[in-house]
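Okay, structure first, notes after.
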Amino acid sequence: MTTLRSRIGFEIELTAPPGSSRRTLADRLAADHGGTVTRTSHTDSEPSLVPGMGHFWHLTPGFSVADAAGRPLASLVDDVTLVADLRREHEEAQRTSTPPAPTRPDDHQYRVLSDDPRLLRLIALHTPADTPFDRVLDDVARLFGSAVETVGDVRRLRDASGASIALAAGLALGRERPCEIVTPPLERDHEAALEALLGPARELGFTVPHEAAVHLHLDGAPFRSVRAFGDLVRLFGWWREPLRAALSTNPHCTRLAPLPEALLELVEQPDAGGADQPADWSRLQAAASRTGLTKYVDVNLTQLLTDEPLRDTVEVRILPGTLEAAEITRRAGLVERLLARCLGPEPIPRPRSADLAASVAELLALAGPEPEPGPESGPGFIPSAENVPVGRR
């Protein structure tokens, strides 16, 4: 068993078997813990097929599970990147004329789409997640002095001038099955907590999707300094291939990319370090924001570039999908030690060898050995936000 010492949130991508859904797992987890399931709306974006429009934003059904004391266990939501298995099964069913496995009837299995994320946030505020399809968007329509139109199987809302606000439609075939398990930040007994989620998923026949990944969210506050941020960039920039090899990154995972070259160049500029005072950090934040950095890279650093983050975390996105808690914590342990190394007194060096196997060995040496089980301190421990001096944030 790998003992993790830091507060970490996990995102684990799975697929429910035909005839099942993420609601099935939510109900099982609630039953196991004497808890409850609450329907939620999950916000995400998807590529648009409309010329000139990059993305649509949408709300899809999700479920939050709490234990008997009301403590959150996990949220189960859709992930739009998980498509290959559903497409393959659909094509096989068409070839064999096999009807899809029936799922439990549910008049809440719909999505709401808009081309403006601000409008979608407004819709989410005024549309309870348990609103049935035949009433969705009605409350928002009253805000605009308008009415919802029904066009076939679609509910459409436009304002008084005819400008589109949003539409609601049933989920595409099988979209109730992708299941991203999102945990709250776990502070101790990480492996046992993950096994309590993944064990039931295995028993219910959930599988690891073709594109699956596991994401780790670690506290961002310790990395809000010129020195620590620079070492994060060096680690995921200079050591990209050794990292992906050591962690067995899924080559089919989407929404991954190298850090922008401009960001690597920025942290190496002679004036990037300064005296590592708050003003130096503010200047680096502003400069890094202009390098083209997005969240869809190997490590999401975007929350560090604002003083008002939605979640003040460093998100490591390159762990492969798995249903085994021990595999997740073993890889998370390596990430934890490497990120703790970024907080050390010596800067992260470049790999000395161009050979992949040799550079992986260098990376493991850089991380150091796994710490012995014990109290939260010492090598591999990343302090939580409340334990970081304000000047470092």
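Mind the numbering: the sequence shown is residues 1 to 393 in the numbering used here, read in order.
The beta-carbon is built from N, C-alpha and C at its ideal position, and this holds for glycine as well.
As the structure is a prediction and not an experimental result, all values here were calculated from the model.
Query: Residues that DSSP places opposite Asn300 in a beta bridge; Result: Glu315
Query: Residue environment, Ser6, which counts as buried when at least 16 other CB atoms sit within 10 Å; Result: buried
Query: Outcome for Glu211 when other beta-carbon atoms lying within 10 angstroms are tallied against a minimum of 16; Result: buried
Query: Val230, DSSP secondary structure in three states; Result: At residue 230 the sequence reads Gly, which differs from the Val that was named. If DSSP states are grouped into helix, strand and coil, Gly230 belongs with the helices.
Query: Among Val267, His58 and Gln277, nearest to Ser289 - alpha-carbon criterion; Result: Val267
Query: Local Cβ density within 10 Å of Glu13, reported as buried at 16 or more and exposed below that; Result: buried
Query: Range of the contiguous alpha helix (DSSP H) that encloses Arg330; Result: Ala325 to Arg341
Query: Counted within 10 angstroms of its Cβ, other Cβ atoms place Ala163 as buried (16 or more) or exposed; Result: exposed
Query: Beta carbon of Leu293 nearer than 9 Å to that of Thr306; Result: no
Query: Limits of the alpha helix (DSSP H) - the one that Ala192 falls within; Result: His190 to Glu203
Query: Whole-angstrom distance between Trp281 and Gly220, CA atom to CA atom; Result: 14 Å
Query: Neighbour-count burial assignment, Ser97, 16 or more Cβ in a 10 Å radius; Result: exposed
Query: Environment of Ser353 [buried if 16+ CB atoms lie within 10 Å]; Result: exposed
Query: Min CB distance Pro383 to chain D below 9 Å; Result: The structure shown contains no chain D; it holds only a single protein chain.
Query: Between the CA atoms of Pro209 and Gly321 - distance to the nearest angstrom; Result: 7 Å
Query: Spatial distance of Gly391 from Ser225 (CA atoms); Result: Note on Gly391: pLDDT 40, under 50, position unreliable in the model; the coordinate value appears next. Roughly 9 Å between the two C-alpha positions.
Query: Secondary structure of Arg28, DSSP reduced to three states; Result: helix
Query: Alpha helix (DSSP H) runs wholly inside the stretch 87–156, at least 4 long, in chain order; Result: 117–126 and 138–143
Query: Three-state secondary structure (DSSP) of Ala16; Result: coil
Query: Assigned exposure category for Asp189 - 16 Cβ within 10 Å defines buried; Result: exposed
Query: DSSP state of Arg244 mapped onto helix, strand, coil; Result: helix
Query: Nearest candidate by alpha-carbon position, reference Asp44, set Ser64, Pro17, Ala30 and Asp79; Result: Asp79
Query: Start and end residues, beta strand (DSSP E) containing Leu259; Result: That residue, Leu259, is in no beta strand (DSSP E); it is neither H nor E in DSSP.
Query: Selected residue, minimal CA-CA separation from Asp27, among Met1, His58, Asp312 and Gly62; Result: Gly62
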